[in-house]
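A.B. asks: Chains as they are written, first to last, in our numbering: chain A, 603 to 749; chain B, 603 to 749; chain C, 549 to 935; chain D, 549 to 935.
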Amino acid sequence: MYSEKVMDHFMNPRNVGEIEKADGVGEVGNAKCGDIMKIYLKVDDGIITDVKFKTFGCGSAIATSSMATELIKGKSIEEAVKLTNNAVVEALDGLPKPKVHCSVLAEQAVKAALYDYAQKNNIVIPGLEDYVPAKDVHDHHDGDGEE
Amino acid sequence: MYSEKVMDHFMNPRNVGEIEKADGVGEVGNAKCGDIMKIYLKVDDGIITDVKFKTFGCGSAIATSSMATELIKGKSIEEAVKLTNNAVVEALDGLPKPKVHCSVLAEQAVKAALYDYAQKNNIVIPGLEDYVPAKDVHDHHDGDGEE
Amino acid sequence: MKKRIYLDYSATTPMKKEVLDEMMPYFNEKFGNASSIHSFGREAKEALDIARDRIAKAIGAASSEIFFTGGGSEADNWAIKGIAFANKNKGSHIITSKIEHHAVLHVCEYLEKNGFEVTYLDVDEYGMIDLEQLKEAITDKTILISIMFVNNEIGTIQPIKEIAEIAKEKGVYFHTDAVQALGNIPIDVKELGVDLMNFSSHKIYGPKGVGAIYIKKGVKIHPLIHGGAQERKRRAGTENIPGIVGFGKAAELAIENLDAHIAHIQKLRDKLIEGIKNNIDYVRLNGHPTKRHPGNVNFCFEFIEGESLLLSLDMVGIAGSSGSACTSGSLDPSHVLMAIGLTHEIAHGSLRLTIGDFTTEEDIDYVIENLITIVDRLRQMSPLYEK
Amino acid sequence: MKKRIYLDYSATTPMKKEVLDEMMPYFNEKFGNASSIHSFGREAKEALDIARDRIAKAIGAASSEIFFTGGGSEADNWAIKGIAFANKNKGSHIITSKIEHHAVLHVCEYLEKNGFEVTYLDVDEYGMIDLEQLKEAITDKTILISIMFVNNEIGTIQPIKEIAEIAKEKGVYFHTDAVQALGNIPIDVKELGVDLMNFSSHKIYGPKGVGAIYIKKGVKIHPLIHGGAQERKRRAGTENIPGIVGFGKAAELAIENLDAHIAHIQKLRDKLIEGIKNNIDYVRLNGHPTKRHPGNVNFCFEFIEGESLLLSLDMVGIAGSSGSACTSGSLDPSHVLMAIGLTHEIAHGSLRLTIGDFTTEEDIDYVIENLITIVDRLRQMSPLYEK
Ligand SMILES: Cc1ncc(COP(=O)(O)O)c(C=O)c1O
Ligand SMILES: Cc1ncc(COP(=O)(O)O)c(C=O)c1O
Ligand code: FES
Ligand code: FES
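1. For residue 637 of chain A, decide whether its Cβ has a neighbour in chain D, counting only Cβ atoms nearer than 9 Å.
2. For the candidate residues C:729, C:848 and C:562, whose alpha-carbon lies nearest to that of residue 900 of chain C?
3. For the beta strand (DSSP E) containing residue 628 of chain A, list its first residue and its last residue.
4. Where DSSP assigns a beta bridge to residue 646 of chain B, which residues make up the other side?
5. Using 9 Å as the threshold, is the C-beta distance between residue 618 of chain C and residue 758 of chain C below it?
6. Would the stretch 594-601 of chain D count as touching the stretch 829-837 of chain D if we require 3 or more Cβ pairs under 8 Å?
7. Just to confirm my understanding: we take residue 697 of chain C, look at its own chain, exclude 5 residues before and 5 after, and list those with CB closer than 6 Å. What are they?
8. Buried or exposed for residue 743 of chain A, please, with buried defined as at least 16 other CB atoms from any protein chain shown within 10 angstroms of its CB.
9. Could you tell me if residue 593 of chain C is buried or exposed, where buried requires 16 or more neighbouring beta carbons within 10 angstroms of its beta carbon?
10. Does the CB of residue 863 of chain D have a neighbour CB from chain A at under 9 Å?
11. Go ahead and label residue 723 of chain A buried or exposed: buried means 16 or more other beta carbons lie within 10 angstroms of its beta carbon, across all protein chains shown.
12. Counting by C-beta, which residues lie closer than 5 Å to a heavy atom of ligand 4, in chain order?
13. For residue 559 of chain C, which residues from the same chain have a beta carbon less than 8 Å from its beta carbon, with the 5 sequence-adjacent residues on both sides left out?
14. Scan the stretch 741-757 of chain C for residues whose Cβ lies nearer than 8 Å to a Cβ of chain D and list them as they occur along the chain.
15. Hey, is residue 915 of chain C's beta-carbon within less than 9 Å of any beta-carbon in chain B?
16. Residue 855 of chain C: beta carbon under 8 Å from a heavy atom of ligand 5?
17. My assumption, with CB atoms under 8 Å, is that residue 606 of chain C sits in contact with residue 625 of chain C. Please give the rounded CB distance.
18. For the putative contact between residue 627 of chain C and residue 810 of chain C, defined by C-beta atoms under 8 Å, what is the C-beta separation to the nearest angstrom?
19. Can you name the residues that DSSP bridges to residue 658 of chain B?
20. State buried or exposed for residue 718 of chain A, treating a residue as buried only when at least 16 other CB atoms are found within 10 Å of its CB.
21. Which residue from C:755, C:771 and C:855 puts its Cα closest to that of residue 634 of chain C?
22. Please classify residue 726 of chain A as buried or exposed, where buried requires at least 16 neighbouring CB atoms within 10 angstroms.
23. So that I know if they touch, is there some Cβ in chain D lying closer than 9 Å to that of residue 668 of chain C?
24. With a threshold of 8 Å on Cβ separation, who are the neighbours of residue 645 of chain B within its own chain once the five nearest residues in sequence on each side are excluded?
25. Establish whether the CB of residue 656 of chain D and some CB of chain E are separated by less than 9 Å.
26. Do residue 655 of chain B and residue 670 of chain B have their C-beta atoms within less than 9 Å of each other?
27. Cα-Cα, which of C:886, C:867, C:644 and C:816 is closest to residue 909 of chain C?
28. What would DSSP say about residue 745 of chain A, mapped onto helix, strand or coil?
29. Just to confirm, are residue 679 of chain D and residue 733 of chain D a CB contact at a threshold of 9 Å?
30. Give me, in chain order, the residues of the same chain whose beta-carbon lies closer than 6 Å to that of residue 612 of chain B; leave out the 5 immediate sequence neighbours on both sides.
31. On a Cα-Cα basis, can you pick out the residue from D:604, D:806, D:692 and D:749 that is closest to residue 768 of chain D?
32. Could you compute how far the alpha carbon of residue 789 of chain D sits from the alpha carbon of residue 579 of chain D?
33. Helix, strand or coil, according to DSSP, for residue 925 of chain D in the structure here?
34. First and last residue of the alpha helix (DSSP H) that includes residue 679 of chain C?
35. Output the boundary residues of the beta strand (DSSP E) element that contains residue 641 of chain D.
36. Name the one or two DSSP bridge partners that residue 844 of chain C has.
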């Protein structure tokens, strides 16, 4: 079902944890199914020097959190804001169709953390001008059967 | 499906054939499914000295014809008229339920032949007083499946 | 052991060894439920995907257009009820033929009792429908045409492509029961242009209790079996993985060996037909002389009755079937034989012998030889026969 | 090879060797169609009769009251649609519960769209229906009550006999889905007084793709699958003889070994429940503490999500299942966990482990040990967990 990369990031997730006194924190989730993703950023001179996450969700949610943090670590905030869920999916060698939406959660969590950083620092990040923090980005589609 | 006795009477039917100048001939059948049974009697002094049959029908029809002829051969016409389809079925160690009706055909063929004999000789056989020659005694019920 | 010659391949087939071999691991090793996400489940799911691909490939469909069922009859029921109920807002008229399998006919009769109208097309003496009659039968309210590909009794092959063209032109769904066609004639659903086509595994040397239906992408249909989300939410129930694996393998083998299979059974079929015609009087070949299932032989033997014939053949180890009323379980002889215009009396003496991969030349010789004796014996017993 | 521990027996079971052995001759030796009158057909028919007798005996029914189907879901669909359509002149109201299997619930929803009215009874925190609520729900128009015997997720056993009494008193048909009950608790249909009861072979160490339904003599029901005259004209389609033979054998074994089976799995179930309760915080046992399937363990682990738990268990070779939304294929977590009053968040962390004949003490030790580590690891990753 999941690619090897997904399973690797699920079993050995990178950057799990919290950052005390983080420069930006984003939390997104889906009230309905209860999945929650929280991302912490440390930003120095416009560069993301550290990032951590905590996720309550499926294997795909955990793996995409892990991959998303890897993809933005060491990047500038301008680069980080361009992270798309597709990029995360690709970096993980794909996700099963009904699990693609979990990667959206990861993208949104990164954006939420960047937005929080921008708010705290009173700056505007290009690409986040129109950003409205949304909690509910998670919907489920088609799926497999049941016994 | 069929008992050994049925198969024996089907494969080695007793009394197949015709009797030239028979004393009584009975033919019954079902216009719908096309089964036909014909019985020839030779009667001497009120005793059935010979009997033959020809049948166009299923295995059960042939076996019951054979058994019915055996059961009345050598009997008096008074005895023969009492032959029931149940007696034929019993003598054959039973028939599958959807095939019981074929034995009715045998009973009716015997009766028809006896009636013919009575008509020709202008006598009344006890038990056949109210007999009306019927051609259509054959109906099919429940059955098995199909591929 | 007594000689046993099976000539009832259209009723069901023995499973091929390769099929059974392929199924074996799925009974108690890789036995998981394909919906489970653990490794046992994933093994099952993989097997399911492979089987689906094989069926798709065998008929030129996309894998996502193949749905597994519990047999050919279930698939027929699904196709017809599923289309009827999903499209009743568009109309309530269905067209089928008089020689369909009961899994189609009895569904149509059921629908007639539930507000649908059904036209049953006639067939000619060879069992062919008339395309003009079909065209004329289509009305504004017609939502479905269901005409079988190859008839199971007399083997007649219908002009499926032409029917599909007519259906398409009129914007009517076209379903064809291809249970007897798969593995016996080449099939390409895209080239044929049908919307729904169904199959049964046990007719092509696969396991019993498994079937499949091709539902063209976009076709509007309701499920027949609701419940779990299996088969992309269209057919509920834990998938019969060993059965499906076997069906997939059987379909693959059928396509790989199609030419050799056809050549083999056709040769024997023609030998049997000639043997009967040349040695027995008062016989009549039922079905089309050329547009016919390559393994189907169906004769009427006048003056005798089918069940007697079958029993007599069975006593010498030959397995066949008949459309006689006495074997049908209903009051009437085969509706197919009636539809091609036979009288009750003639239909009574019908015998179907269907040939398959394991049939040999010697089998055919043995059958002809025995048939001559048996027919003669039964005719001697028949009040209808005067020699 | 890596350790593999299967704890998903309620999803499906491996076939027992005795079952497979019994099936083997029917694949390519005694492969006939049970409707054929020749010797191949008669062999099949005999096997069919024996299997039917075995199922009948297992539940105290008459053989003529047993009908084979292509699985448990088909049988559920048949029971409910069959009764609904055959009795709609009497009324159009059906009563079921909120915790039924989807093969019941989705049929009821389909019927709601087709002119029927359905009452979905609540259950309490243990998953038990309320007999008073049931009584009150019955109206003049009620034609069917369908309440499952044993729940497949949380294992709760309903008071079937009491429900049957209520149904009988009111002259309403009563169907119970006994797919999880057969082979796990004693069943006697006559003593219970139910009208319809269905089963699935692959839950009792038999083959997949076979099921059966008990239809009490005299019950008025339509077929779901129309066609040939198989199953006394009630369920068309060539019988899956090897599958049916296997199911019959599995049922026979299940009844012979019932006491030992229950003792074995119940002991391990209780060990697992205790092991989890004693070693892991913030857990909750779902289902009834005593009126429960002898092999069912269902826990919620707070702060973590079920799919992650399943995947982690799978990595150490343990196969389980979950009612989490993320594994459900629909927007919501298990409807059963919702019905017993769990919040979305709690339901999310559910894990079902179901024990069977091949489970050992060591398996349970291994599971407990690994579960402790895995739950802890996932909680460390969870934003909801504060230690
Ligand atoms: C309670 C219950 N009913 C019905 C079914 C459906 O049975 P099947 O998978 O054989 O269709 C299942 C399991 O799948 C079940 O657990
Ligand atoms: C033409 C045709 N359609 C449908 C069926 C039904 O298939 P199954 O027996 O798999 O239900 C058969 C054979 O039984 C058939 O020959
Ligand atoms: S003669 Fe027709 S069934 Fe016996
Ligand atoms: S987080 Fe719910 S499906 Fe991935």
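Don't be surprised by glycine CBs; every beta carbon is placed ideally from N, CA and C.
A quick note: this is a predicted structure, and the numbers were derived from the prediction, not measured.
C.D. replies: In brief:
1. Locating residue 637 of chain A in the first sequence gives position 35, where the first residue counts as 1. Judged by the 9 Å Cβ criterion, residue 637 of chain A is in contact with chain D.
2. Stepping through the third sequence from its first residue, residue 900 of chain C is reached at position 352. Of C:729, C:848 and C:562, the residue nearest in Cα terms is C:848.
3. Within the first sequence, the letter at position 26 stands for residue 628 of chain A. Per DSSP, residue 628 of chain A belongs to the beta strand (DSSP E) from 626-631.
4. The residue labelled residue 646 of chain B in the question sits at position 44 within the second sequence. In the DSSP secondary-structure assignment, residue 646 of chain B is bridged to B:649.
5. By 1-based counting over the third sequence, the position of residue 618 of chain C is 70. By 1-based counting over the third sequence, the position of residue 758 of chain C is 210. It is a contact, given that the beta carbons lie within the stated cut-off.
6. no
7. Residue mapping note: residue 697 of chain C aligns to position 149 of the third sequence, counting from 1. The residues are 708, 724, 726 and 729.
8. Position 141 of the first sequence, counting from 1, holds the residue named residue 743 of chain A. Note on residue 743 of chain A: pLDDT 38, under 50, position unreliable in the model; the coordinate value appears next. Residue 743 of chain A is exposed by the Cβ-count criterion.
9. One-based indexing of the third sequence puts residue 593 of chain C at position 45. Buried is the call here.
10. The count along the fourth sequence starts at 1 and reaches residue 863 of chain D at position 315. It does: the Cβ of residue 863 of chain D has a partner Cβ on chain A nearer than 9 Å.
11. Walking along the first sequence from the start, residue 723 of chain A turns up at place 121. With fewer than 16 other Cβ atoms within 10 Å, it is exposed.
12. A:637, A:659, A:660, A:662, A:663, A:704 and D:874
13. The count along the third sequence starts at 1 and reaches residue 559 of chain C at position 11. If we look at residue 559 of chain C and ignore the five residues flanking it on each side, its Cβ neighbours are 869 and 902.
14. Within the stretch 741-757 of chain C, the qualifying residues are 748, 750, 755, 756 and 757.
15. Here the question's residue 915 of chain C lines up with position 367 in the third sequence. So, not an interface residue.
16. Absence of ligand 5 from the depicted structure is noted, with ligand 1, ligand 2, ligand 3 and ligand 4 being the only ligands included.
17. Mapped onto the third sequence, residue 606 of chain C falls at position 58. Mapped onto the third sequence, residue 625 of chain C falls at position 77. With 8 Å as the limit, residue 606 of chain C and residue 625 of chain C do not qualify as a contact, their Cβ atoms being about 22 Å apart.
18. Looking up residue 627 of chain C in the third sequence gives position 79. Looking up residue 810 of chain C in the third sequence gives position 262. Not really, about 26 Å apart at Cβ, beyond 8 Å.
19. Translated into the one-based positions of the second sequence, residue 658 of chain B becomes position 56. For residue 658 of chain B, which the question treats as bridged, DSSP gives the partners B:638.
20. Within the first sequence, numbered from 1, the residue matching residue 718 of chain A stands at position 116. Buried is the call here.
21. The residue labelled residue 634 of chain C in the question sits at position 86 within the third sequence. Ranking C:755, C:771 and C:855 by Cα distance to residue 634 of chain C puts C:771 first.
22. Locating residue 726 of chain A in the first sequence gives position 124, where the first residue counts as 1. Exposed.
23. On the third sequence, position 120 is the one that residue 668 of chain C refers to. Output row for residue 668 of chain C: interface = no.
24. Sequence index remark: in the second sequence, residue 645 of chain B carries index 43 (1-based). Only 625, 626, 651, 679 and 719 meet the Cβ criterion.
25. Looking at the structure shown, chain E is missing, and the protein chains on hand are A, B, C and D.
26. Residue numbering aside, residue 655 of chain B sits at position 53 when the second sequence is read from its first letter. Residue numbering aside, residue 670 of chain B sits at position 68 when the second sequence is read from its first letter. Yes; because the gap between Cβ atoms is below 9 Å, this pair is in contact.
27. Counting from one through the third sequence, the residue named residue 909 of chain C turns up at place 361. Nearest option by C-alpha distance: C:816.
28. Within the first sequence, numbered from 1, the residue matching residue 745 of chain A stands at position 143. Reliability fails at residue 745 of chain A, whose pLDDT of 39 lies under 50, so the model's placement of it is uncertain and the value that follows must be treated cautiously. Correct three-state label for residue 745 of chain A: coil.
29. The count along the fourth sequence starts at 1 and reaches residue 679 of chain D at position 131. The count along the fourth sequence starts at 1 and reaches residue 733 of chain D at position 185. Going by C-beta atoms, residue 679 of chain D is not nearer than 9 Å to residue 733 of chain D.
30. Locating residue 612 of chain B in the second sequence gives position 10, counting from the first residue. Excluding residues within five positions, the ones whose Cβ falls inside 6 Å are 661, 664 and 665.
31. To locate residue 768 of chain D, count along the fourth sequence from 1; it is residue 220. Among D:604, D:806, D:692 and D:749, the Cα nearest to that of residue 768 of chain D belongs to D:692.
32. Taking the first residue of the fourth sequence as position 1, residue 789 of chain D is located at position 241. Taking the first residue of the fourth sequence as position 1, residue 579 of chain D is located at position 31. Going from the Cα of residue 789 of chain D to the Cα of residue 579 of chain D covers about 8 Å.
33. Taking the fourth sequence and counting its residues from 1, the one referred to as residue 925 of chain D is at position 377. Correct three-state label for residue 925 of chain D: helix.
34. Numbered from 1 along the third sequence, position 131 holds the residue referred to as residue 679 of chain C. Per DSSP, residue 679 of chain C is one residue of the alpha helix (DSSP H) stretching across 679-685.
35. The residue you call residue 641 of chain D lines up with position 93 of the fourth sequence. That run of the beta strand (DSSP E) goes 641-645.
36. Locating residue 844 of chain C in the third sequence gives position 296, where the first residue counts as 1. Beta-bridge pairing links residue 844 of chain C to C:902.
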